[in-house]
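Protein chains: 4
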Amino acid sequence: MSEAARRPLRVAMVGYAFMGRAHSQGWRVAPRFFDLPREPVMQVLVGRSPERSAEAARTLGWAEVETDWRRVVERDDVDLVDICTPGDTHAEIATAALAAGKHVLVEKPMANTLAEAEQMASAAADAAARGVLSMVGFTYRRVPALTLARQLVAEGRVGEVRQVRCQYLQDWLADESTPLSWRTDKAKAGSGALGDIGAHIVDLTHFITGQRVAGVSGRLDTLVRERPVAESFAGLSGRGGAGRGPVTVDDVAMFTGELAGGAPAVFEATRFAWGRKNALRIEVNGSAGSLAFDFEDMNVLHYYDAREPARTAGFRRIVVTEPDHPYTGSWWPPGHGLGYEHGFVHQAVDLVRAIDAGEQPTPSFDDGLAVQRVLDAVERSAGRRSEYTEIPEHRRAAEAAAPAAADHDVPAPAGQSRGE
Amino acid sequence: MSEAARRPLRVAMVGYAFMGRAHSQGWRVAPRFFDLPREPVMQVLVGRSPERSAEAARTLGWAEVETDWRRVVERDDVDLVDICTPGDTHAEIATAALAAGKHVLVEKPMANTLAEAEQMASAAADAAARGVLSMVGFTYRRVPALTLARQLVAEGRVGEVRQVRCQYLQDWLADESTPLSWRTDKAKAGSGALGDIGAHIVDLTHFITGQRVAGVSGRLDTLVRERPVAESFAGLSGRGGAGRGPVTVDDVAMFTGELAGGAPAVFEATRFAWGRKNALRIEVNGSAGSLAFDFEDMNVLHYYDAREPARTAGFRRIVVTEPDHPYTGSWWPPGHGLGYEHGFVHQAVDLVRAIDAGEQPTPSFDDGLAVQRVLDAVERSAGRRSEYTEIPEHRRAAEAAAPAAADHDVPAPAGQSRGE
Amino acid sequence: MSEAARRPLRVAMVGYAFMGRAHSQGWRVAPRFFDLPREPVMQVLVGRSPERSAEAARTLGWAEVETDWRRVVERDDVDLVDICTPGDTHAEIATAALAAGKHVLVEKPMANTLAEAEQMASAAADAAARGVLSMVGFTYRRVPALTLARQLVAEGRVGEVRQVRCQYLQDWLADESTPLSWRTDKAKAGSGALGDIGAHIVDLTHFITGQRVAGVSGRLDTLVRERPVAESFAGLSGRGGAGRGPVTVDDVAMFTGELAGGAPAVFEATRFAWGRKNALRIEVNGSAGSLAFDFEDMNVLHYYDAREPARTAGFRRIVVTEPDHPYTGSWWPPGHGLGYEHGFVHQAVDLVRAIDAGEQPTPSFDDGLAVQRVLDAVERSAGRRSEYTEIPEHRRAAEAAAPAAADHDVPAPAGQSRGE
Amino acid sequence: MSEAARRPLRVAMVGYAFMGRAHSQGWRVAPRFFDLPREPVMQVLVGRSPERSAEAARTLGWAEVETDWRRVVERDDVDLVDICTPGDTHAEIATAALAAGKHVLVEKPMANTLAEAEQMASAAADAAARGVLSMVGFTYRRVPALTLARQLVAEGRVGEVRQVRCQYLQDWLADESTPLSWRTDKAKAGSGALGDIGAHIVDLTHFITGQRVAGVSGRLDTLVRERPVAESFAGLSGRGGAGRGPVTVDDVAMFTGELAGGAPAVFEATRFAWGRKNALRIEVNGSAGSLAFDFEDMNVLHYYDAREPARTAGFRRIVVTEPDHPYTGSWWPPGHGLGYEHGFVHQAVDLVRAIDAGEQPTPSFDDGLAVQRVLDAVERSAGRRSEYTEIPEHRRAAEAAAPAAADHDVPAPAGQSRGE
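Protein chains in written order, with full-length UniProt numbering: chain E, 1 to 420; chain S, 1 to 420; chain R, 1 to 420; chain Y, 1 to 420.
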């Protein structure tokens, strides 16, 4: 961070709701704690309503406002387009931005359909050939405890991966009086728990194990089939301002499957688990140990080393806040934990560094497409009495690949001193 | 416990390994802490080897030894046959004992095949008509925290059951050098993780929710396909005393499914989860709350009441050792927790009381058959690319039944004072 | 357990309330799971009321009843006297029994006053010279996780002990309507939380660290000064059968201090911690690691090894149920945890073995006296504005002793197989 | 946040190490998530070294640099002086700034000596009469779970406070090779664990219970008496650049005491608890319930309501991330937890609002003085064989005060919607 005049990286962000607020915090804070080769500039915020967009820009700290993303994509003073809108708009905006030579960060799920995802991955490949880079916002990869999990698997600390269990449990739809929103609308969101939170645990499985899910058997359930129509939502969607409307997405997604290397895995995503607020849980069992994580205790990774004598073996509660841990050395002393938004800061850091280096950031659109293939296979399986459904691309890729190839370089830890 | 001359209940136990030791402790301790209408007498222990059986009888406190269960079944001085052998012998012993007018307690899984289980359930129904009673040893029903879980569901404390997730995680086969045993032999054990520990979580789901699993989509994996042949096992089975032999059962069973009332559920049983020693976990999410349990903290039930204001709502860590809790009032003061074997004491208590009252104890052979149907459906589904497989008997029974009928009377808590 | 005619060890137990029930379970179950050199015989139960004693003997399984402990002490057919009465009677019974040549097990606290404890220790030393042995019932030493804690300290796994923090939190007096009992009566109980539960954490500190508390600064508080007089208690004590009476003991004891080696320590005992049912907690911090335990999760010991690289270091949650762990190999497979009463079984095992070997069992009356000295020093300090109060005997003993001498041999683990 | 031209609040920050980084994040982020009446401006950073200060200003985002705090205090374009230097400089800077009409935020501990603290509190009172306000940086008050703890106590949810136990456990000095720093130097830091982290748990006790500690009995221990001299520190302090030097502060502080209302309390602060990274723990037991918190799980408050029937009572694990919880409604959806630094954001929010309203922010210098009195009493007690040492000002204040007066208004929660 020492040079006086760092080259700027001018960002345009489309959308300013929950994800827009989180991305803004990422761009704002990243250069304050990490030494970045380029200086992110929060140039322009894009939203349909001029008034609401202007207010969001003031609050979130964006310099300008625009109401049409198409104009922004054409601007010379924008280097990167950050897409935080619902999934039905991702493909169009991302492909246009890439075509216009803008780097792209797109929120997950990358797309609402497999066809869109394939188109986007293709566009990303074309753009990469021209030095234009793209990334998907699976930020949980950058929770330090989960990055550490990946490192430990890659280092062989659990041996060969034998099985995986993942759950993503929330409860914000468990109340039947919670109204309809774009997240319960198949046209907007593509799917329900499956795409919203199931996508995360599929991506994390890919990330942590280094293997893709190669086949699934799934079921999707909608537990509450009708909900009240909220005023604001009614206005947006043209439905009447009163009464109830149908939920058109899944409330619960459950699927079993196997990784490309053959390990069985089981997944569940639900927004109906009363009392579980954001319990993203993943457990990996290998031939030489195990890992366990729960986002409700996000600064901790549990690690069992089976090579220990049984007498003193036990899951180690690693508080992932040490200088040697991924990302954490740039923050606070040990034990002074991070929060949800820090993943967005780390995402900004890694993306800026990759762009500066001219290297492909991860997760790439190809990684996003991989998740989309799994979600698509779950939906197809669920539509065919849960019949096991292969994902041939993932099986073939695994067979072709060198074993245990790491595709993501974790940033080296930086030292952190406590006092002067 | 006050009357001087209580009528005895003379027990013959077949088998004396792990389960035999646990059942012996049940018979021995039950009358010391609970007021029983009949006095259990540990009359005769049955084992094939006269020497080893005699030693086991001395150690465990049985009065006599017998080497042929057929002779025992005919003895006039035996009231109850307690079957603790591997599953391949259950059907023959149980049906013979019932035919001879002996009450029967049989360890789980009730049988190795669905056909055997059906035959046993039929024999049990015939016997019950003659006042001869039978019970299956799903002792986890009698862990106080799990009995309380059932009570809370039955009382509506979680509302309508919406979904269930169950895991039974152990790690004793994770070491590839662990030798073959009868538990890895399909001929002896019927199945692997599925029947051994998966049976427990299916039964607990039936017990706690009051609903049976009505359809499943399953997969079974054998992760380590060959293991060393242990000396003793080699001797027993006639295989050579050296080298390796095949594992003929599943190491991991994963299945999704639905309860008779339509709620989705997900299950996993594994003996490969390094670091998880006996992690029997069950979580129930209802329309008004949730329950969560992990046997690794067996005296605790977690309960979330969604009717609480969000500001002070949270999973309550109920330490299930109060006088008002099931069974615990007969033991120690609050906080002085119970252990694994106490379920076997409670099982003996409930069985003695049911026999004395001439009432059907639970879980009945019909309950055992229900579990067997689910295991069988999982195996069939796993053999058909995980295709969803209905269990029509359970669906029909649910449609015929009055809703939310409780089938198991939990014993009333008894007071416990701390001092003189 | 193999020999046909093992020499009996005939036990007389005085008192049959909470502790009497626990001790009975110890004598009953010990020979069923452990290979003992002598066979405990539950010969005679002693209580003042003939009727109530007879009922207790029937329930708990004692062969005979006696109403005067003096007669029992003289009987030829009694080898050991097990004293489970309130503390005010311990000294008289124990010294008489030892004088009569009976081995003695006495519940904790060993005595109500330091003078009594000194007299008892002196009597025990005399008796030991004649081969008559004695032991104090600090059973928590025999919770496997706490025995393991001691082993790890003795093996240097935490380095030099640097500091200790202990808490014993219960809540059964937090309700102001809980009536008076002998436990709230200084004449009967000697002290309140201090002697009842504070004694345990002092003894555990001695046991685990191998060092005695050499000085303290204490405070004692009585939070609820009057309580209702219960019917039964009123009868016993001659107070009127109605109204309220004074609490004459401490409700909360807090003290800081130092071990003989100089390490600071902090202690708290309370029966007013709403929601903590039996939270006996101890944490030891050494120069090379830490240990932590909470009885509310009694099968688990947490161990931090500071020699691990920080990146993968963390408190290990050791589930103390392995064959290699103290005592547990004689019970169940890993993860099938023990309960409160198992400490009493282990106590019986160790005492029978020590008597057979003619060796001093631990904790000895000298160990009990050491605890009493600490409690006495706390009371004296509390009476002198918390002024630091030395325990010169403990300081001198430490200076005289060889460093790190282990005074308690933990029984070797026995193997445990899962199946036949 | 809606008005276009909000009046600025121009901040000068003195010091830029650990605390300076945290305060900077507070000023930077506060207006982005909270609606503030004035806009904080990060005007000038003050440090002795021009080069290092300039680099810090660039990194942390301060507009200008100054090397002499005296000049800054006189500047017209500074409204508030934020003091993040070691404690030996606080009194001089703070009193000068207040005299010059600048609002002051000073890091804790407020001062190194009681005399300095009294002088500062007096200066603050004078300044307040002129509308110049001051605050001490006890940021843990603004961890949402701890703010909620205070609210629940104030609302009577635990009844009358009966006892308190607090620990602050770290391990960063447990390694004997950790070098000397200003934090181990009495001249710079005033004291060791006592002032550094013990101050926090004293303040939190005051904050949560609404009562001040009115007397203490303490002990202070230095466990490692010599440490290596680090290069940089050697340079700063003029000591030789090699070898070892003495630790002149306490490593461990333990004290018992009582609140002004009479409730006993026990405290421990240590930097030697291997494996505990930042375990700030507080438990409050009242007549109607209990609260428990551990900063290692900082988004959770445990609450036991003793008015619940025992059958379903248990510590509730409240995930303090709901819209109804203090501060959290301005951040993320439930379950998306906050981190260490968020307390600094909340501190900035509350201070800006108080200044705008012309109201005394909390904790005031008087609150800081109260903590200092307790620390001073601990040191005096420790120097007099732990003799109980009264703090008469706190006793008198309690006797004079109306009972249960709340002195801190918690900001009303703001709504947070999940989507557009």
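Virtual Cβ for every residue (Gly too), placed ideally from N, Cα, C.
Residue i burial status per 10 Å Cβ neighbour count (16 or more: buried)
| i | result |
| --- | --- |
| A269/R | buried |
| R7/S | exposed |
| A12/S | buried |
| E387/R | buried |
| R32/R | buried |
| Y16/S | buried |
| G215/E | buried |
| R219/Y | buried |
| P109/Y | buried |
| A129/E | exposed |
| R48/R | exposed |
8 Å Cβ cut-off: residues of chain S touching residue i
| i | result |
| --- | --- |
| F138/R | Under the 8 Å cutoff, chain S gives no residues; its nearest Cβ is about 15 Å from F138/R. |
Contact set between residue i and chain E, taken where Cβ atoms lie within less than 7 Å
| i | result |
| --- | --- |
| E268/S | R165, V266 |
Distance CB(residue i)-CB(residue j) smaller than 8 Å
| i | j | result |
| --- | --- | --- |
| T209/R | V161/R | yes |
| A398/Y | A263/Y | no |
| V249/E | S191/E | yes |
| F315/S | H302/S | yes |
| A57/Y | L45/Y | yes |
| V300/E | A145/E | yes |
| S53/S | V65/S | yes |
| L98/E | V106/E | no |
Within chain R, partners of residue i - CB distance below 7 Å
| i | result |
| --- | --- |
| V319/S | K277, E296 |
| S290/Y | A273, W274, G275 |
Distance between beta carbons of residue j and residue i, contact taken as under 8 Å
| i | j | result |
| --- | --- | --- |
| R227/S | V247/S | 6 Å |
| L9/S | P40/S | 5 Å |
| C84/R | V14/R | 6 Å |
| E116/Y | A91/Y | 4 Å |
| H336/Y | N278/E | 6 Å |
| L114/S | R281/S | Between R281/S and L114/S the Cβ distance is about 27 Å, and since that is not below 8 Å, they are no contact. |
Listed by chain order, chain S residues near residue i by CB distance under 7 Å
| i | result |
| --- | --- |
| M254/E | T256, P264, V266 |
| Y304/E | W274, G275 |
Residue i: contacting residues in chain S (beta-carbon distance under 9 Å)
| i | result |
| --- | --- |
| D387/E | A small correction: the amino acid at residue 387/E is Glu; Asp does not occupy that position in the sequence shown. Going along chain S in sequence order, the residues near E387/E (Cβ under 9 Å) are S217, R384, R385, S386, E387, Y388. |
Interface residues of chain B facing residue i [CB-CB closer than 9 Å]
| i | result |
| --- | --- |
| Q170/Y | No chain B appears in this structure, whose protein chains are E, S, R and Y. |
Residues that residue i contacts on chain E, provided the C-beta gap is smaller than 8 Å
| i | result |
| --- | --- |
| A313/R | R316, I318 |
Partner residues on chain R for residue i, Cβ-Cβ distance less than 9 Å
| i | result |
| --- | --- |
| L194/Y | Result: empty, since nearest Cβ-Cβ is about 13 Å, beyond 9 Å. |
Under 9 Å by beta carbon: chain Y residues contacting residue i
| i | result |
| --- | --- |
| R32/E | R21, S24, Q25, R28, T59, L60, G61 |
Identify every run of the beta strand (DSSP E) within the UniProt domain "GFO/IDH/MocA-like oxidoreductase" (149 to 291) of chain R, keeping only runs that are complete inside it and at least 3 residues long; order them along the chain. 161 to 169, 213 to 221, 226 to 228, 244 to 246, 252 to 259, 264 to 270, 279 to 286
Runs of beta strand (DSSP E) wholly within the stretch 290 to 331 of chain S (minimum 3 residues, chain order): 300 to 305, 315 to 319
Enumerate, from N- to C-terminal direction, the unbroken beta strand (DSSP E) stretches of 3 or more residues contained entirely within the stretch 92 to 144 of chain E. 103 to 107, 134 to 137
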